[in-house]
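In this note's numbering, the protein residues as written are 3 to 268.
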Amino acid sequence: MPKLLVKPKAKSGLMQDVTPESAGWTYVGFALNRLKPGETADGEAGDKEICLVLVSGKAKVSVDGDDFGELGERMTPFEGQPYAVYVPKGSRWQATATTDLDLAICSAPGGEGFKAKVIRPGTHPQMTRGKGTNTRYVTNIMPEDDSSAQSLLVVEVITPGGHTSSYPPHKHDQDDLPAESYLEETYYHRLNPPQGFAMQRVYTDDRLLDETMAVEDGDVTLVPRGYHPVAAVHGYDVYYLNVMAGPKRVWKFHNAREHEWLFTGV
Numbered sequence: 003m004p005k006l007l008v009k010p011k012a013k014s015g016l017m018q019d020v021t022p023e024s025a026g027w028t029y030v031g032f033a034l035n036r037l038k039p040g041e042t043a044d045g046e047a048g049d050k051e052i053c054l055v056l057v058s059g060k061a062k063v064s065v066d067g068d069d070f071g072e073l074g075e076r077m078t079p080f081e082g083q084p085y086a087v088y089v090p091k092g093s094r095w096q097a098t099a100t101t102d103l104d105l106a107i108c109s110a111p112g113g114e115g116f117k118a119k120v121i122r123p124g125t126h127p128q129m130t131r132g133k134g135t136n137t138r139y140v141t142n143i144m145p146e147d148d149s150s151a152q153s154l155l156v157v158e159v160i161t162p163g164g165h166t167s168s169y170p171p172h173k174h175d176q177d178d179l180p181a182e183s184y185l186e187e188t189y190y191h192r193l194n195p196p197q198g199f200a201m202q203r204v205y206t207d208d209r210l211l212d213e214t215m216a217v218e219d220g221d222v223t224l225v226p227r228g229y230h231p232v233a234a235v236h237g238y239d240v241y242y243l244n245v246m247a248g249p250k251r252v253w254k255f256h257n258a259r260e261h262e263w264l265f266t267g268v
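In structure tokens form, the structure reads like this:
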């Protein structure tokens, strides 16, 4: 099995490039381009569908020559909500940075009949989830109740320092609807301030998979199966961008039974 912690491969340009082949799974791809003003990233969707997320910065974006103009408004992922662009199967996309830009390329198997579109801030309101030190702030970018995609589920979460997230532990590794759905998942992590770290554990009930990782700014963690809680250490807020996909575009998770007592009020 591939290592679950993927470090950035560069300080600029293509910093992350997770493919189904490199991850050892079937559905999810994730890449991150860090561009300077005037630099361009582009690509072909092929048989995939893509969600371009402007994690920070601004860019001029087009899909199949359709110019969406300059998009983006936040300069850090810890402020406001993102702009994103959905790119359907068979399309070509291009993004030219107009400021320093972190551009995420989220991908999964595509389908027919979907159209390119801009997903603007406020399309899905930010939600506060949890209480006390389990409070975190969730913004859906492509949720399951949005029918404009074949496979992709995309969401970002901000967890304040000293808080937990993706917690109490849950998993989604069984194709057993309506009880549970099978979804592969990536976490793209950012830290504020950036010299910080957080902890993420990925484990199964039988502990045949049980890894605990110190994640740093720009790291990606892979969740092929199992529970996957995150803990933000004191003094450092954590942002992560999740990409999920599987045989069905449904997020139905199973909670760790021994921790279900925590769900009262969280």
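Using N, Cα and C, we set each Cβ at its ideal position, and we do this for glycine too.
In the structure shown, what three-state DSSP assignment does residue i receive?
{"i": "Gly59", "result": "coil"}
{"i": "Thr98", "result": "strand"}
{"i": "Arg122", "result": "coil"}
{"i": "Thr137", "result": "coil"}
{"i": "His261", "result": "helix"}
{"i": "Ser167", "result": "strand"}
{"i": "Ser24", "result": "helix"}
{"i": "Arg227", "result": "coil"}
{"i": "Gly74", "result": "coil"}
{"i": "Leu105", "result": "strand"}
{"i": "His256", "result": "strand"}
{"i": "His18", "result": "Per the sequence shown, residue 18 should be read as Gln rather than His. Gln18: strand per DSSP, three-state reduction."}
{"i": "Gly67", "result": "coil"}
{"i": "Leu154", "result": "coil"}
{"i": "Glu1", "result": "Residue 1 is absent from the model: the chain starts at 3 and stops at 268."}
Would you list the one or two residues that DSSP bridges to residue i?
{"i": "Arg251", "result": "Per DSSP, none; premise fails for Arg251."}
{"i": "Lys50", "result": "Pro111"}
{"i": "Asp208", "result": "Asp208 is not bridged to any residue."}
{"i": "Lys173", "result": "His256"}
{"i": "Pro182", "result": "Here the sequence assigns Glu to residue 182, which means Pro is not the residue at that position. Bridge partners of Glu182: Asp178."}
{"i": "Phe199", "result": "Glu218"}
{"i": "Asp44", "result": "Gln96"}
Less than 6 Å between C-beta atoms, sequence neighbours within five positions excluded: which residues of the same chain meet that for residue i?
{"i": "Leu103", "result": "Leu37, Gly59 and Ala61"}
{"i": "Pro79", "result": "Val57, Ser58, Arg192 and Tyr241"}
{"i": "Pro84", "result": "Val55 and Leu56"}
{"i": "Val120", "result": "Phe70 and Val87"}
{"i": "Met77", "result": "Ser58"}
{"i": "Asp19", "result": "Ala33"}
{"i": "Glu41", "result": "Ala99"}
{"i": "His230", "result": "Ser168 and Val204"}
Would you check if the distance between the CB atom of residue i and the CB atom of residue j is smaller than 8 Å?
{"i": "Ala118", "j": "Asp68", "result": "yes"}
{"i": "Thr125", "j": "Tyr139", "result": "no"}
{"i": "Ala99", "j": "Arg251", "result": "no"}
{"i": "Thr137", "j": "His172", "result": "no"}
{"i": "Thr161", "j": "Val217", "result": "no"}
{"i": "Ser168", "j": "Ala234", "result": "no"}
{"i": "Thr188", "j": "Gln202", "result": "no"}
{"i": "Thr141", "j": "Glu114", "result": "no"}
{"i": "Gly228", "j": "Asp175", "result": "yes"}
{"i": "Val156", "j": "Val245", "result": "yes"}
{"i": "Pro127", "j": "His261", "result": "no"}
{"i": "Gly348", "j": "Asp239", "result": "Because the chain in this structure spans residues 3 to 268, residue 348 falls outside the shown range and cannot be described."}
Quick one: using the 10 Å Cβ neighbour count with 16 as the cut-off for buried, is residue i buried or exposed?
{"i": "Ser153", "result": "buried"}
{"i": "Arg122", "result": "exposed"}
{"i": "His236", "result": "exposed"}
{"i": "Ser149", "result": "exposed"}
{"i": "Asp221", "result": "buried"}
{"i": "Ala12", "result": "exposed"}
{"i": "Asp44", "result": "exposed"}
{"i": "Gly71", "result": "exposed"}
{"i": "Asp207", "result": "exposed"}
{"i": "Ala106", "result": "buried"}
{"i": "Ser24", "result": "exposed"}
{"i": "Leu210", "result": "exposed"}
{"i": "Ser93", "result": "buried"}
Looking only at its chain, what residues have a beta carbon closer than 7 Å to the beta carbon of residue i, apart from the 5 residues adjacent to it on each side?
{"i": "Tyr29", "result": "Pro22, Ala110, Pro111, Ser153, Glu186, Ala247 and Gly248"}
{"i": "Leu6", "result": "Val204, Glu213, Met215, Thr223 and Leu224"}
{"i": "Leu16", "result": "Ala33 and Asn35"}
{"i": "Lys9", "result": "Asp221"}
Give every residue of the same chain whose Cβ lies closer than 8 Å to the Cβ of residue i, excluding the five residues on either side of it in the sequence, and list them in chain order.
{"i": "Val89", "result": "Ala47, Glu51, Ile52, Cys53, Leu54, Val65, Trp95 and Ala118"}
{"i": "Phe116", "result": "Glu51, Tyr88, Pro90, Lys91, Ser150, Ala151 and Gln152"}
{"i": "Asp177", "result": "Ser183, Tyr184, Gly248, Pro249 and Lys250"}
{"i": "Lys254", "result": "His174, Leu179, Pro180, Ala181, Glu182 and Ser183"}
{"i": "Val14", "result": "Correcting the residue type first, residue 14 is Ser in the shown sequence and not Val. If we look at Ser14 and ignore the five residues flanking it on each side, its Cβ neighbours are Arg36, Leu37 and Lys38."}
{"i": "Leu73", "result": "Leu56, Lys60, Ala61, Lys62, Val63, Tyr85, Val87 and Val120"}
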